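Chemist: Numbered by my numbering, the letters in the sequence shown go through residues 63 to 304 in order.
Pasting in a structure now, in structure tokens, and then I'll have a few things to ask.
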Amino acid sequence: MPAAAPTFSTLPRHIAVIMDGNGRWAELKGLPRHKGHEAGARTVRTITEECARLGVGRLTLYAFSAENWKRPKREIDFLMKLLKRYLAGERPTLMKNGIRFTAIGRLHELSPEVLAEIEKTKAITRENPKMTMTLALNYGGRGEIVDAAREFAGDALRRGKVPELTEDEFAKYLYDPAGAEVDLLIRTGGDHRVSNFLLWESSYAELWFTKAFWPDFGIPQLHEALGDFAKRDRRFGGLTER
Ligand code: FPP
63 MPAAAPTFST
73 LPRHIAVIMD
83 GNGRWAELKG
93 LPRHKGHEAG
103 ARTVRTITEE
113 CARLGVGRLT
123 LYAFSAENWK
133 RPKREIDFLM
143 KLLKRYLAGE
153 RPTLMKNGIR
163 FTAIGRLHEL
173 SPEVLAEIEK
183 TKAITRENPK
193 MTMTLALNYG
203 GRGEIVDAAR
213 EFAGDALRRG
223 KVPELTEDEF
233 AKYLYDPAGA
243 EVDLLIRTGG
253 DHRVSNFLLW
263 ESSYAELWFT
273 KAFWPDFGIP
283 QLHEALGDFA
293 KRDRRFGGLT
303 ER
């Protein structure tokens, strides 16, 4: 008999993931790197569906960083092709699971074909109520803060005065203000760094690092991270009442 699905006393409302290790996963198996990315795309589907099933409200995945343009053109072309294929192929699954799709990053710098798939997927899934899945594409955390500052300055110029600026006001200029708080940040692949991902949003995130390469990060590994998250004492700089 299959084990009963675990339940968690506290679920993160927003999970963000640095999906690292596709290349090493493939190399270890004697496969070309692109096979690792293909396997990684399958993991994206598994983890997205499981998060929606559990009732996580938001899942943000680092699919292409602003720094990833430094990779060989062949790999970039493959990742973009995979992304288009993923978006086109995934729309029925997103609809079936009630998942709303969105994307953050300097999207205008992506190719028109990729942009068209993003827009189509966003439009079709717009009303889905269960979970929001966001792909960070051509994304950098510092770039996002700079872009927000530019937007803020543009607004101030148009209004002819500098409005009062608080953290909450500033967060309205982020790429997706509704995703401005990350509760749990997961990084696969064994490194312990945040690599310019959601710098503003992860200020109070709980961090979970695992050696597992992204293609090997399955439902049991996700549950392990969630089980640990549920035990954390989140004080946000305050004190726990005893
Ligand atoms: C890191 O692996 C992963 C990426 C650069 C991109 C993430 C892409 C995917 C998970 C696949 C495609 C995603 C979608 C949504 C279609 P790496 O190549 O840096 O691995 P390495 O550190 O082992 O070299």
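From the three backbone atoms N, C-alpha and C, an ideal C-beta is built for every residue, glycine too.
The structure presented is a predicted model; accordingly, all values stated were derived computationally and were not measured.
PHE298: which of VAL244, LEU288, TRP270 and ARG153 sits nearest, CA to CA?
Modeler: Answer by Cα proximity: VAL244.
Chemist: Is there at least one non-hydrogen atom of the ligand FPP closer than 7 Å to the beta-carbon of MET81?
Modeler: Yes; taking the cut-off as 7 Å, the Cβ of MET81 has a heavy atom of the ligand FPP nearer than that.
Chemist: Given this structure, state the Cα-to-Cα distance separating CYS17 from ASP238, to the nearest angstrom.
Modeler: The requested residue 17 does not occur in the structure, where the chain is confined to residues 63 to 304.
Chemist: Do you know how far the Cα of LYS143 is from the Cα of VAL176?
Modeler: Going by the C-alpha atoms only, they are around 8 Å apart.
Chemist: Please state whether the Cβ-Cβ distance between THR250 and ALA274 is less than 8 Å.
Modeler: yes
Chemist: Could you tell me which whole beta strand (DSSP E) segments of length 3 or greater appear in the region 121 to 184?
Modeler: Entirely contained in the region 121 to 184, the beta strand (DSSP E) runs reaching 3 residues are, in chain order, 161 to 166.
Chemist: Is DSSP giving THR196 helix, strand or coil here?
Modeler: Of the three classes helix, strand and coil, the one that applies to THR196 here is strand, per DSSP.
Chemist: Compute every distance between the C-beta of ARG153 and the non-hydrogen atoms of the ligand FPP, then say whether any falls below 7 Å.
Modeler: no
Chemist: Would MET81 and TYR124 qualify as a contact pair, given that the criterion is a beta-carbon distance under 8 Å?
Modeler: yes
Chemist: Closer than 7 Å: is that where the CB of ALA274 sits relative to any heavy atom of the ligand FPP?
Modeler: no
Chemist: Is the region 153 to 163 touching the region 192 to 212, taking contact as three or more C-beta pairs under 8 Å?
Modeler: yes
Chemist: To which residues of the same chain is LYS234 closer than 6 Å at the C-beta, ignoring the five residues directly before and after it?
Modeler: none
Chemist: Could you give the residue range of the alpha helix (DSSP H) that holds PHE271?
Modeler: Counting along the chain, PHE271 falls outside any alpha helix (DSSP H), though it belongs to the beta strand (DSSP E) covering 268 to 271.
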